[in-house]
């Protein structure tokens, strides 16, 4: 039987017919003296190609983006340097805004939307290969957000899209990464995959409170340093379709000191909605506690879960409470991690879920934690753009079936950027 592979590839690249608007300080005739002037002159589909100022002094000032535009450096593998807020305010539905290789020194905000995008086709926002000292706040309706391969000093808030392969420092925010409810419930999945998240606060590291899209939280290295903190907290969850579900798999969760902390806190009341599905598997969870719920805080159920919840093959310092153990989880383990999230004692190596869909890239049994499975953390940070260099892969996400039945078609989706 003939095998057919369908490839769907999204590239943030050069579009035929687009105009390059060159920004150059004291540049020749035909260039623009600053970013604002170029944005004002641009039309949908244009690219703002930015030369750095002398001495790499930042281009200063706030920029409001209402059109479909791409912002990129004039030199490949080089940041264009700015200092100001980039406010995304599309004038109509279906706009596409791309920011590639921005170094934004503003710590006041960074990149944000102050209101919902116009209803209809979602406005797509891509922020890739950038260094943002402040935060990215697209917690508004009608946006489809991709934040990939960035270094972010503050937080990332969104409602619909993908957060992939970022370093998130989480300064100044209640949460490091927040996924909130969108205007319309769908069977789509929001991805938070392959990130290094360092959360210094006393609230939630990753906060999922969306009953409108599914959560896929995988291969993240999450470090907390606050007291009474929740590394991962789930509130409302989606139950749009019987075929969909929420997933927390192959994450590494740790802390910087012996203070009370929860690993994964399952906070909603799911008994009242048995359609909600949740899988929590193959995680390394280094929570800590000396009293109360923290003693069993590796995975803690603040409310009663339902029988559509699966907890399996997690390796924990503490126990968990609120749901029956199926016998595959391990507790009271001497977990210790290096700076990159690798477990020093090889806990969980080749001991994750034996189902072949969780196999590591070398086709051995799943390694629990952020470096196990197909979405291993090393896939995302091998080509991380916090420092540019030649020869790096610019494909930041590939979604493919985890198993293939011989003779059937498969679809592989990839996303990348160029510049």
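Residue numbers (this note's numbering): 34 to 452.
Beta carbons: idealized from backbone N, C-alpha and C, even for Gly.
Review point. What span of residues does the beta strand (DSSP E) with residue 412 cover, start to end?
Key: From DSSP, residue 412 is part of no beta strand (DSSP E) but of the alpha helix (DSSP H) over 410–414.
Check your understanding: If we ignore side chains and look at the alpha-carbon of each, how far apart do residue 285 and residue 314 end up?
Key -> Between residue 285 and residue 314, the C-alpha separation is close to 11 Å.
Practice item. Taking all protein chains shown into account, decide if residue 428 is buried (16 or more other Cβ within 10 angstroms of its Cβ) or exposed. Key: exposed
Review point. If residue 256 sits next to residue 289, beta carbons under 8 Å apart, how far is it from one beta carbon to the other, in whole angstroms?
Key: 6 Å
Exercise for review: Give the DSSP-derived three-state secondary structure of residue 421 in the structure shown.
Suggested key: Any reading at residue 421 must be qualified, since the residue scores a pLDDT of 49, below 50, and its modelled position is unreliable; no value is offered.
Exercise for review: Would you check if there are 3 or more beta carbon pairs closer than 8 Å linking the stretch 193–203 to the stretch 146–153?
Suggested key: no
Exercise for review: Label residue 435 either buried or exposed according to how many other C-beta atoms from any shown protein chain fall within 10 Å of its C-beta, with 16 as the threshold for buried.
Suggested key: exposed
Review point. Just the Cα atoms here: how many angstroms apart are residue 126 and residue 67?
Key: 27 Å
Point to revise | Three-state secondary structure assigned by DSSP to residue 71 | key: helix
Exercise for review: Taking 8 Å as the cut-off, decide whether the C-beta atoms of residue 236 and residue 264 are in contact.
Suggested key: no
Exercise for review: Compute the Euclidean distance between the alpha carbons of residue 96 and residue 394, then round it to the nearest angstrom.
Suggested key: 43 Å
Practice item. Quick one: residues in its chain with C-beta nearer than 8 Å to the C-beta of residue 138, no 5 flanking neighbours on either side, listed in chain order? Key: 91, 114, 115, 116, 166
Exercise for review: May I have the straight-line CA-CA distance separating residue 298 from residue 330, to the nearest angstrom?
Suggested key: Separation of residue 298 and residue 330 (C-alpha to C-alpha, rounded to the nearest whole angstrom) is 8 Å.
Check your understanding: On the premise that residue 386 lies in contact with residue 377, defined as a C-beta separation below 8 Å, what is that separation, rounded to the nearest angstrom?
Key -> Wrong, their Cβ atoms sit about 23 Å apart, outside the cutoff.
**Study point:** Nearest-angstrom Cβ-Cβ length linking residue 242 and residue 207, presumed shorter than 8 Å
**Key:** Going by Cβ atoms, the distance from residue 242 to residue 207 rounds to 12 Å, so no, they are not a contact pair.
Exercise for review: Could you give the DSSP three-state label for residue 89: helix, strand or coil?
Suggested key: In the structure shown, residue 89 sits in a helix (DSSP, three-state: H, G or I).
Exercise for review: Using a threshold of 8 Å, state whether the C-beta atoms of residue 178 and residue 210 are closer than that.
Suggested key: no
Practice item. Give the straight-line distance between the Cα atoms of residue 261 and residue 145, rounded to the nearest whole angstrom. Key: When rounded, the separation of the alpha-carbon atoms in residue 261 and residue 145 is 29 Å.
Check your understanding: Any idea if residue 59 is buried or exposed, counting beta-carbon neighbours within 10 angstroms, 16 or more meaning buried?
Key -> Within a 10 Å sphere around the beta-carbon of residue 59 sit fewer than 16 other beta-carbons, which makes this residue exposed.
Practice item. Could you say which of 102, 135, 101 lies nearest to residue 1 if we only look at CA atoms? Key: What the structure shows of the chain is the stretch from 34 to 452, and residue 1 is not part of that stretch, so it cannot be assessed.
Check your understanding: Hey, would you say residue 69 sits closer than 8 Å to residue 94, going by beta carbons?
Key -> yes
Check your understanding: Are residue 191 and residue 172 closer than 8 Å when you measure CB to CB?
Key -> yes
Review point. What residues in its chain sit with their C-beta under 7 Å from that of residue 217, if we drop five residues either side in the sequence?
Key: 245
Practice item. Leaving aside the five residues before and after residue 348 along the sequence, list all residues of the same chain whose C-beta is less than 6 Å from its C-beta, in chain order. Key: 317, 363, 366, 380, 381, 401
**Study point:** Span separating the alpha-carbon of residue 160 from that of residue 296
**Key:** 29 Å
Check your understanding: Given residue 141, which residues of its chain have a CB within under 7 Å of its CB, disregarding the five upstream and five downstream residues?
Key -> 118, 167
**Study point:** N-terminal and C-terminal residue of the beta strand (DSSP E) that residue 448 is part of
**Key:** 443–450
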